[in-house]
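Notes for the one structure printed next.
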Ligand code: AMP
Ligand code: MG
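Residue numbers (the working numbering): 2 to 371.
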């Protein structure tokens, strides 16, 4: 109690700030004040935090870590404004959240040829902190055209929905047209956001191999929101459901429905933006020429090996090449774990395997961090 009384006195934004102490940019008394306030916040329990935040009209949703971060950020903004410093908030004007659903079995071997069956995307305007538009389409798988019972139960996607759908390359073209329609990559800068490295590093990459199409440039780098979240709130690396739980905002819709997953990732992103996180690229994929090969067997039994082009090559070739889908049955894919994906510190992302036994993302799961 004594602590909170002290805190409310010290936290009063109208309290005059001590004079500048020296000439270094961080020697201003405001920074000393801020570090003292941060110390106070660190010592607050959840109840004290909630009381304090209510009095400041701040949102009280979230775990203790989330509340602490939100309150510290509030002080930072207010105190720095008194010395005309705006805290740098690195954001893209737009974010596009992508969350593919793919064919699967209950146990997926490392070379399982996942085919994308749902392509959803959600456009977030970072200044307005709101969802501006959505793109959603099912895709018809061509290698294994019948969905497993497990896959339908997991994703809610039916055989009829995929049977009526266009194939992946056609859907991809419509998605790229949707990006263009919104001026993304032309008028406005944007970044792709995913929940984990698999959407680009495994599903998009693998699907492009299977479809025999160039790897799209939008998938070269992205924001793995799990990393942004754990770095910002100083939490463990959580899956989507756990991030939602941590923010205490409740999952909306059906888990593993691509568009619902993407909308919920957007909600997490909007909370990160509102709480002052810098949301920038933290992972990318490297495809080197000659490195990626796949073996395909066509219906007439002919075998061939297809080289997957590097990102540079595909960009150069994109407009001129005509791609044909010839693979009807995939005999063996390259071990996808060896696709090089790295985070922006250069650290390799070792595990792109889709063995979900350690990361069961379901509503009832308690710990699905991977
Ligand atoms: P998610 O975005 O978590 O819905 O997962 C994307 C895709 O990963 C799904 O469409 C499945 O192909 C695969 N997947 C996710 N969870 C599992 C699981 N528990 N078992 C098998 N495959 C899964
Ligand atoms: Mg999903």
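Note that CB positions come from ideal geometry on N, CA and C, so glycine has one too.
May I ask whether a heavy atom of the ligand MG can be found less than 7 Å away from the beta carbon of residue 115? False, no ligand heavy atom lies under 7 Å from that Cβ.
For residue 132, list the residues DSSP reports as bridge partners. Paired residue(s): 125.
Quick check: what's the CA-CA separation for residue 279 versus residue 90? The alpha-carbon atoms of residue 279 and residue 90 are separated by roughly 5 Å.
So, for residue 225: in the same chain, excluding its five sequence neighbours on each side, which residues have a beta-carbon less than 7 Å away from its beta-carbon? Spatial neighbours of residue 225 in its own chain (CB-CB distance under 7 Å, excluding positions within 5 residues in sequence) are listed in chain order as 195, 197, 198, 283 and 284.
With H, G and I counted as helix, E and B as strand and the rest as coil, what does DSSP make of residue 287? Three-state DSSP puts residue 287 in a strand.
Whether or not the stretch 138-146 and the stretch 111-126 are in contact is what I'm after, with contact meaning three or more pairs of Cβ atoms, one per stretch, closer than 8 Å; do they touch? A contact exists between the stretch 111-126 and the stretch 138-146.
If you reduce the DSSP assignment to three classes, tell me which class residue 42 lands in. DSSP places residue 42 in helix when its eight states are reduced to three.
Confirm the yes/no value for this check: CB of residue 262, any heavy atom of the ligand AMP, distance under 7 Å. At least one heavy atom of the ligand AMP lies less than 7 Å from the C-beta of residue 262.
Evaluate residue 339 with the Cβ neighbour count: other Cβ atoms within 10 Å of its Cβ, from every protein chain shown; 16 or more gives buried, anything less gives exposed. Here residue 339 scores only 42 on pLDDT, less than 50, and its place in the model should not be relied on; the value that follows carries that caveat. The Cβ neighbour count for residue 339, taken over all protein chains shown within 10 Å, is under 16; the residue is labelled exposed.
For residue 372, which three-state DSSP category applies? With the chain represented from 2 up to 371, any question about residue 372 goes unanswered, as that position is not in the structure.
Opposite residue 195 in the DSSP bridges: which residues? Beta-bridge partners of residue 195 (DSSP): 225.
Does the structure place the stretch 180-190 close enough to the stretch 204-215 that three or more beta carbon pairs sit under 8 Å? Verdict: no, contact absent.
Start and end of the beta strand (DSSP E) containing residue 98? Judged by DSSP secondary structure, residue 98 falls within the beta strand (DSSP E) whose first and last residues are 95-99.
CB contact flag (residue 66, residue 235, <8 Å): Yes, the Cβ-Cβ distance between residue 66 and residue 235 is below 8 Å.
Excluding five sequence neighbours on each side, which residues of the same chain lie with their C-beta closer than 7 Å to the C-beta of residue 208? Once the five neighbours on either side are set aside, the close Cβ partners of residue 208 are 116, 117 and 169.
Would you check whether the ligand AMP has a heavy atom nearer than 7 Å to the C-beta of residue 34? Relative to the ligand AMP, the beta carbon of residue 34 is positioned no closer than 7 Å to any heavy atom.
Check whether the stretch 44-55 and the stretch 70-81 are in contact - that is, three or more C-beta pairs closer than 8 Å. Segments in contact, yes.
Pick helix, strand or coil for residue 60, following the three-state DSSP scheme. Looking at residue 60 - three-state DSSP - the assignment turns out to be coil, as it is neither helix nor strand.
Three or more beta-carbon pairs under 8 Å between the stretch 141-150 and the stretch 91-111, yes or no? Output reads yes: the stretch 91-111 touches the stretch 141-150.
beta-carbon residue 157 near the ligand MG non-hydrogen atom, thresh 7 Å: The answer is no for residue 157.
Please report the straight-line C-alpha distance between residue 271 and residue 202, rounded to a whole angstrom. Pairing residue 271 with residue 202, the inter-Cα distance amounts to about 24 Å.
Helix, strand or coil for residue 204? Go by DSSP, reduced to three states. Note: residue 204 maps to helix in three-state DSSP.
8 Å CB neighbourhood of residue 127 in its chain, flanking five on each side removed: Correct list, in chain order: 92, 93, 94, 95, 96, 274 and 280.
Beta-carbon within less than 6 Å of residue 1's beta-carbon, same chain only, minus the 5 sequence neighbours each way: which residues are those? The shown model of the chain, from 2 to 371, leaves out residue 1, and the question about it has no answer.
Less than 8 Å between the C-beta atoms of residue 125 and residue 200, yes or no? Result no, Cβ atoms of residue 125 and residue 200 do not sit closer than 8 Å.
Local conformation of residue 252 per DSSP, three classes: When secondary structure is reduced to three states using DSSP, residue 252 falls in the coil class, being assigned neither helix nor strand.
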